[in-house]
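Inspection log for the structure reproduced underneath, given as structure tokens.
Chains as they are written, first to last, in the working numbering: chain A, 62 to 364; chain B, 433 to 743.
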């Protein structure tokens, strides 16, 4: 068995509320990502998907803090790494794409220069060389007229183009792991499909593993090999994508899938109603306490 | 960029015309005349014949419309009229004072920028630190202290007690004479600048693209140099512009207090004796100064932020 690229072990996060009081955000999350694998994290807003990714990047800001667990990247615990070492990994070996392409780029700097920063920072290139590499990187994400576009400011580009710039930036140093935090949520559907395909193809070509965060199950299904379902700070279920969609074991996952509209789905009363998650999970607080050992899980869905 | 510059400069013209009209209207309705104020010392009764003669000389007995036409046509030839008191052209009077005024305003602003901007920047980078707390307390104190009172304190301490600097006057225009009035005048813009710089930098630090910058693996210093500095400049330039523009007007009190021979003290003296042409002229110059600074700020904006040129 190969060693996992990213191995998160019992990660716990808290938000501190003053001197000694704090509230748990992640209550012991563990999962692994193999080299080159695309792993999806789904869950509703506030379930802890994004903070998990920020913890991996080491970008948690006060009042958020790690209170326990390990994040092993190629066997190295990122949480114990000195700041300088972490900076060397960040952007270089682990890169990230954010949700909002509108605000994630500096408005007063050309996109070419912003991509070029990566080469200057991590490969010790001069600005001149780096700008040339940036044009190349823009071409790689299929931006038309890359040498002209490199001189554009973000406000001169559409949302889809800006997200391509973000992808070019993130993949500039061919990282081992790409974290994509809802990279297509702010885009319209056609652009969304293009951007997804781009991420999928580029990462496959470079052997880059992806941690893909989304609340959109359709998006996850189209890109990831394995999926983890998060709810209220816990990873409640994890499975191969196909298996998860066909046989969800946890009642929250079933609720999530039931809330997915399907074209042409009908029941005997005519149109089928979408399932409301709250009607499935009667008592959320109890669910949290029992740490999500779902009844179906015990019935033995193991082969 | 050239067309943008030209457009901004042309926009100043209508503003000046409107301001000139307003000034004329205001001073044609204020009570009291130069002639009456000459005899207003209470010792002698005003001689009606004398007043009539003076009014005749300055054309004050002509109908309002006629005076207005004269005013506008003179203005178009850059003639601001003749002072009632000294019988000198107003342009010459202002010219004599402008140098001292500019000196004071530039020195005060330079002091405010050099001290205020770095303080605000450092305070924002370490919010809640001792430096931050001290700076912000200082800024609030600086904003709430009346300038003339601060000026008096400075005079007392540095001129009377320590005897380091001259207490007032222009002297031979040396730096020693400039320091006290400039520092006093600079305290308000300094405090304002420190506060807005801090707020602006904090705002930028919370922006999404700063998170992106961190995610690229940049050191704190590089994030500040490459991404924070330029973005927070917009707010700083605005504040500098607004303050600089109004500084010559604000200097009235300080010029009076330190007997500084600038536009401000000329204005105060002329208002007291209803020397209307001089008052009109000085106000026009102060407004013009404000407009020039404002236009300059707009041009600087466009140089900083590529989004502005588009409009």
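All C-beta atoms in this analysis are idealised placements derived from N, C-alpha and C, irrespective of residue type, glycine included. Note that the structure is a prediction, hence the values are computed from the model and not measured.
- The segment 623-636 of chain B makes contact with the segment 549-556 of chain B; the number of CB pairs closer than 8 angstroms reaches 3 or more.
- Nearest Cα to residue 73 of chain A within the set A:88, A:81 and A:64: A:88.
- Annotation: residue 146 of chain A is outside any beta strand (DSSP E); the continuous alpha helix (DSSP H) that includes it extends over 144-150.
- Taking each of A:209, A:142 and A:146 in turn and checking the Cα distance to residue 174 of chain A, the smallest one comes out for A:209.
- Taking a Cβ-Cβ cut-off of 9 angstroms, residue 490 of chain B has no neighbours in chain A, whose nearest Cβ is about 55 angstroms from it.
- The beta carbon of residue 739 of chain B sits closer than 9 angstroms to some beta carbon of chain A.
- At least one beta carbon of chain A lies nearer than 9 angstroms to the beta carbon of residue 641 of chain B.
- Taking the beta carbon of residue 118 of chain A as reference, the chain B residues within 9 angstroms of it are 646 and 647, listed in sequence order.
- Closer than 8 angstroms at the C-beta level to chain B, one finds these residues of the segment 153-172 of chain A: 153, 156, 157, 159, 161, 164, 165, 166, 167, 168, 169 and 170.
- The segment 65-120 of chain A contains, as complete alpha helix (DSSP H) runs of 4+ residues, the segments 110-118 (chain order).
- Taken in chain order, the whole beta strand (DSSP E) runs of length 3 or more contained in the segment 259-307 of chain A are 270-274, 287-292 and 295-301.
- Residue 658 of chain B belongs to the set of residues whose beta carbon lies under 9 angstroms from a beta carbon in chain A.
- Under the rule that a run must span 4 or more residues, the alpha helix (DSSP H) segments found entirely inside the segment 180-237 of chain A read 188-201, 207-210 and 220-231.
- No Cβ-Cβ contact shorter than 9 angstroms links residue 198 of chain A with residue 237 of chain A.
- A residue is called buried when at least 16 other Cβ atoms come within 10 angstroms of its Cβ; residue 144 of chain A does not meet this threshold and is exposed.
- Counted as a single uninterrupted DSSP element, the stretch harbouring residue 510 of chain B is not any beta strand (DSSP E), since DSSP gives it neither H nor E.
- Taking every protein chain shown into account, the CB of residue 84 of chain A has fewer than 16 other CB atoms within 10 angstroms, so this residue is exposed.
- Only residues of its own chain outside the window of five on either side were considered, and among them 451 have a CB closer than 7 angstroms to the CB of residue 719 of chain B, listed in chain order.
- Residue nearest to residue 681 of chain B within the set B:660, B:711 and B:569 is B:711 (criterion: CA-CA distance).
- Comparing C-alpha distances from residue 695 of chain B to each of B:529, B:513, B:563 and B:727 shows the shortest one belongs to B:529.
- Two segments are said to touch when three or more pairs of C-beta atoms, one from each, lie closer than 8 angstroms; by this definition the segment 723-735 of chain B does not touch the segment 698-714 of chain B.
- Taking all protein chains shown into account, residue 562 of chain B has fewer than 16 neighbouring C-beta atoms within 10 Å of its C-beta and is therefore exposed.
- Close partners of residue 148 of chain A in chain B (Cβ separation under 8 angstroms): 649, 650 and 651.
- If you check the CB distance, residue 101 of chain A and residue 273 of chain A come in under 9 angstroms.
- Closest in alpha carbon position to residue 559 of chain B, among B:576, B:638 and B:525, is B:638.
- Per the DSSP secondary-structure output, residue 684 of chain B pairs with nothing in a beta bridge.
- Between residue 286 of chain A and residue 98 of chain A, the C-beta gap is smaller than 9 angstroms, which places the two residues in contact.
- DSSP, read as helix, strand or coil, puts residue 441 of chain B in helix.
- With its beta carbon less than 9 angstroms from one in chain A, residue 662 of chain B belongs to the interface.
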